[in-house]
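Engineer: Residue numbers for the sequence shown follow the working numbering, so the first one is 98 and each next one is one higher. Take this structure first; my questions come after.
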Amino acid sequence: MNRITSLFGIKYPIIQGGMVWCSGWRLAAAVSNAGGLGLIGAGSMHPDTLREHIRKCKAATDKPFGVNVPLMYPQIDELMQILADEDVKIVFTSAGNPKTWTGFLKEKGIKVAHVVSSSKFAKKCEEAGTDAIVAEGFEAGGHNGREETTTMCLIPAVREAVSLPLIAAGGIATGSGMLAAMALGAEGVQIGTRFALAAESSASEAFKDLCLNLNEGDTRLLLKKLSPTRLVKGRFASQVEEAEARGASADELRELLGKGRAKKGMFEGNLEEGELEIGQIASLLRKRQTAAEIIDDIMDEYRKKAGNNVWDLFV
98 MNRITSLFGI KYPIIQGGMV WCSGWRLAAA VSNAGGLGLI GAGSMHPDTL
148 REHIRKCKAA TDKPFGVNVP LMYPQIDELM QILADEDVKI VFTSAGNPKT
198 WTGFLKEKGI KVAHVVSSSK FAKKCEEAGT DAIVAEGFEA GGHNGREETT
248 TMCLIPAVRE AVSLPLIAAG GIATGSGMLA AMALGAEGVQ IGTRFALAAE
298 SSASEAFKDL CLNLNEGDTR LLLKKLSPTR LVKGRFASQV EEAEARGASA
348 DELRELLGKG RAKKGMFEGN LEEGELEIGQ IASLLRKRQT AAEIIDDIMD
398 EYRKKAGNNV WDLFV
């Protein structure tokens with residue numbers, strides 16, 4: 098065991114990203130049942146929907162699972178109360194100040210990890226009392242930090258800055274990637290893109306098919322005046338790129354983005370008009386797999402690359 102497996106009570110130090118429109122109870126339960134830590138993505142759920150997913154996940158697994166909460170969520174007070182009422186044991190927070198809610202969650206006996214994109218914000222997590230940190234490089238899909246620091250640069254910087262258990266994220270989808278992250282100082286990995294394309298993901302099949310056929314360079318980090326977001330190149334991404342090239346204001350970009358754009362793309366499968374968020378690592382992925390097959394593949398490759406005594410290196 099290492100600090101991440103011990104902290105969350107899981108077999109493998111593999112955490113599934115809590116991704117909007119992909120991470121429902123089916124995916125979270127499947128990852129947890131396979132030995133990782135599944136996360137329900139609350140960012141795209143109404144409060145009542147989240148409550149339903151938590152209860153269904155509890156019925157589908159007796160293993161630990163958690164909920165990912167973007168702190169910019171509009172009904173955040175209501176959401177946090179639901180987490181307490183439903184006796185959720187693990188919460189990953191992101192997109193906000195960890196000091197705001199960590200105390201409340203810890204008082205309820207909840208273990209808290211917070212996602213950061215710099216060593217500066219990692220220090221704020223340590224000050225806020227989080228139990229662990231997720232350091233995410235800009236290779237990641239969806240919303241990113243403004244620093245545009247790659248995972249290979251970010252992980253050693255964060256490891257040097259703080260002493261908390263450290264989870265690496267961004268551009269990791271394989272056993273080799275996991276080993277590299279561990280060598281740089283991480284104690285676990287958070288994987289989004291590969292699980293977003295898993296059989297149990299709630300993403301549209303059309304979106305999964307598209308992402309399983311991407312090549313290097315087929316995603317771009319856009320919407321930097323709002324919240325930097327990695328998108329698949331396509332009609333909507335081109336519209337954003339053109340608007341940014343002519344110097345569109347944040348308000349203009351907000352109007353272009355509109356409402357429900359991510360749901361339209363990732364959940365409903367409208368590949369022309371939808372917002373299609375996925376990480377750079379998609380270019381390595383070609384196979385449709387279940388969550389259990391993904392974890393087996395990652396751990397098999399990890400062991401082969403690192404040798405028989407691999408686990409001892411990271412205790």
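Using N, Cα and C, we set each Cβ at its ideal position, and we do this for glycine too.
Name the DSSP bridge partner or partners of Arg-327?
Structural biologist: Within the sequence shown, numbered from 1, the residue matching residue 327 stands at position 230. DSSP lists Gly-239 and Leu-318 as partners of Arg-327.
Engineer: Along the chain, where does the alpha helix (DSSP H) that runs through Ile-252 open and close?
Structural biologist: Position 155 of the sequence shown, counted from the start, is the residue given in the question as residue 252. Taken as a continuous stretch (DSSP letters only), the alpha helix (DSSP H) holding Ile-252 covers 248 to 258.
Engineer: Are Leu-382 and Leu-307 closer than 7 Å when you measure CB to CB?
Structural biologist: Position 285 of the sequence shown, counting from 1, holds the residue named residue 382. Position 210 of the sequence shown, counting from 1, holds the residue named residue 307. Not closer than 7 Å, so no.
Engineer: Kindly list the residues whose CB is nearer than 6 Å to the CB of Gly-242, restricted to its own chain and excluding five residues on each side of it in sequence; keep chain order.
Structural biologist: The residue you call residue 242 lines up with position 145 of the sequence shown. So the qualifying residues of the chain are Ser-214.
Engineer: Assuming the contact rule is C-beta atoms closer than 8 Å, Leu-309 and Arg-317 should be a hit. Round their C-beta distance to whole Å, please.
Structural biologist: Position 212 of the sequence shown, counted from the start, is the residue given in the question as residue 309. Position 220 of the sequence shown, counted from the start, is the residue given in the question as residue 317. Rounded, the Cβ-Cβ distance is 19 Å, inconsistent with contact.
Engineer: Pairing CB atoms from the region 256 to 265 with CB atoms from the region 338 to 346, are three or more of them under 8 Å?
Structural biologist: No, the region 256 to 265 is not in contact with the region 338 to 346.
Engineer: Just to confirm the assignment, what range does the beta strand (DSSP E) spanning Gly-135 have?
Structural biologist: The residue labelled residue 135 in the question sits at position 38 within the sequence shown. Counting along the chain, the beta strand (DSSP E) containing Gly-135 begins and ends at 135 to 138.
Engineer: Where does the unbroken alpha helix (DSSP H) through Thr-290 begin, and where does it stop?
Structural biologist: The residue labelled residue 290 in the question sits at position 193 within the sequence shown. 290 to 293 is the extent of the alpha helix (DSSP H) around Thr-290.
Engineer: By a C-beta neighbour count over all protein chains shown, 10 Å radius and 16 as the cutoff for buried, is Glu-236 buried or exposed?
Structural biologist: Position 139 of the sequence shown, counted from the first residue, corresponds to residue 236. Label assigned to Glu-236: buried.
Engineer: Please identify the residue among Ala-278, Lys-305 and Lys-203 whose C-alpha is closest to the C-alpha of Thr-290.
Structural biologist: For the purposes of this step, residue 290 is identified with residue 193 of the sequence shown, where counting begins at 1. Among Ala-278, Lys-305 and Lys-203, the Cα nearest to that of Thr-290 belongs to Lys-305.
Engineer: For Leu-263, which residues does DSSP report across the bridge?
Structural biologist: Within the sequence shown, residue 263 is the residue found at index 166, counting from 1. In the DSSP output, where bridge partners are listed per residue, Leu-263 has Ile-230.
Engineer: Can you tell me the Cα-Cα spacing of Ile-101 and Ile-112, whole angstroms?
Structural biologist: Sequence index remark: in the sequence shown, residue 101 carries index 4 (1-based). Sequence index remark: in the sequence shown, residue 112 carries index 15 (1-based). The alpha-carbon atoms of Ile-101 and Ile-112 are separated by roughly 10 Å.
Engineer: Quick check: the Cα distance between Leu-319 and Gly-331, rounded to an integer number of angstroms?
Structural biologist: For the purposes of this step, residue 319 is identified with residue 222 of the sequence shown, where counting begins at 1. For the purposes of this step, residue 331 is identified with residue 234 of the sequence shown, where counting begins at 1. Cα to Cα, the separation comes out at about 12 Å.
Engineer: Can you tell me whether DSSP reads Thr-102 as helix, strand or coil?
Structural biologist: As a first step, residue 102 must be located in the sequence shown, where it is residue number 5. Helix at Thr-102.
Engineer: Can you give the Cα-Cα distance for Gly-114 and Ile-288, rounded to whole angstroms?
Structural biologist: On the sequence shown, position 17 is the one that residue 114 refers to. On the sequence shown, position 191 is the one that residue 288 refers to. For Gly-114 and Ile-288, the distance between alpha carbons rounds to 5 Å.
Engineer: Here's a check: name, in chain order, each residue in its chain whose Cβ is nearer than 8 Å to the Cβ of Val-268, leaving out the five neighbours to either side.
Structural biologist: The residue labelled residue 268 in the question sits at position 171 within the sequence shown. In the sequence on display, residue 268 carries Gly and not Val. So the qualifying residues of the chain are Gly-234, Glu-236, Ala-237, Thr-247, Thr-248, Gly-274, Gly-376, Gln-377 and Ile-378.
Engineer: Bridge partners for Asn-165 per DSSP, in chain order?
Structural biologist: As a first step, residue 165 must be located in the sequence shown, where it is residue number 68. According to DSSP, which records beta bridges pairwise, Asn-165 is partnered with Gly-138 and Phe-189.
Engineer: For Lys-208, which three-state DSSP category applies?
Structural biologist: As a working note, residue 208 is residue 111 in the sequence shown. Correct three-state label for Lys-208: strand.
Engineer: Please list, in chain order, all residues of the same chain as Ser-299 whose beta carbon is under 8 Å from its beta carbon, the five residues on each side excluded.
Structural biologist: Position 202 of the sequence shown, counted from the start, is the residue given in the question as residue 299. So the qualifying residues of the chain are Trp-118, Cys-119, Ser-120, Gly-121, Arg-123, Leu-124 and Phe-364.
Engineer: Measure the C-alpha to C-alpha separation of Gly-357 and Glu-313 and round it to an integer number of angstroms.
Structural biologist: Locating residue 357 in the sequence shown gives position 260, where the first residue counts as 1. Locating residue 313 in the sequence shown gives position 216, where the first residue counts as 1. Going from the Cα of Gly-357 to the Cα of Glu-313 covers about 28 Å.
Engineer: Which residue wins for smallest C-alpha separation from Met-396, given the options Tyr-109, Met-98, Ser-103 and Leu-104?
Structural biologist: Within the sequence shown, numbered from 1, the residue matching residue 396 stands at position 299. Out of Tyr-109, Met-98, Ser-103 and Leu-104, Tyr-109 has the C-alpha closest to the C-alpha of Met-396.
Engineer: By a C-beta neighbour count over all protein chains shown, 10 Å radius and 16 as the cutoff for buried, is Pro-171 buried or exposed?
Structural biologist: Translated into the one-based positions of the sequence shown, residue 171 becomes position 74. Label assigned to Pro-171: exposed.
Engineer: Output needed for Val-212: all residues of its chain with C-beta closer than 6 Å, excluding positions within five of it in sequence on either side, in chain order.
Structural biologist: Your numbering for residue 212 matches position 115 in the sequence shown. If we look at Val-212 and ignore the five residues flanking it on each side, its Cβ neighbours are Ser-191, Val-231 and Glu-233.
Engineer: For Lys-153, which residues of its own chain have a beta-carbon under 7 Å away from its beta-carbon, when the five flanking residues on both sides are left out?
Structural biologist: Taking the first residue of the sequence shown as position 1, residue 153 is located at position 56. Same-chain partners within the cutoff: Trp-122.
Engineer: Measure the Cβ-Cβ separation of Leu-134 and Ile-151 and say whether it is below 7 Å.
Structural biologist: Working through the sequence shown from its first residue, we reach residue 134 at position 37. Working through the sequence shown from its first residue, we reach residue 151 at position 54. Contact flag unset, no.
Engineer: Is it buried or exposed, Leu-410, if we count other Cβ atoms within 10 angstroms and call 16 or more buried?
Structural biologist: Taking the sequence shown and counting its residues from 1, one reaches residue 410 at position 313. Interpretation of Leu-410 is limited by its pLDDT of 47, a score under 50 that renders its predicted location unreliable; the figure taken from the coordinates is listed afterwards. Exposed, by the Cβ-count rule.
Engineer: So is Lys-208 buried or exposed if we call it buried at 16+ other beta carbons inside 10 Å?
Structural biologist: As a first step, residue 208 must be located in the sequence shown, where it is residue number 111. With 16 or more Cβ atoms within 10 Å of its Cβ, Lys-208 is classed as buried.
Engineer: Under 8 Å by Cβ, that's how I've got Thr-199 and Gly-163 pegged, so tell me the actual separation to the nearest angstrom.
Structural biologist: Within the sequence shown, residue 199 is the residue found at index 102, counting from 1. Within the sequence shown, residue 163 is the residue found at index 66, counting from 1. Not confirmed; about 14 Å, so no contact.
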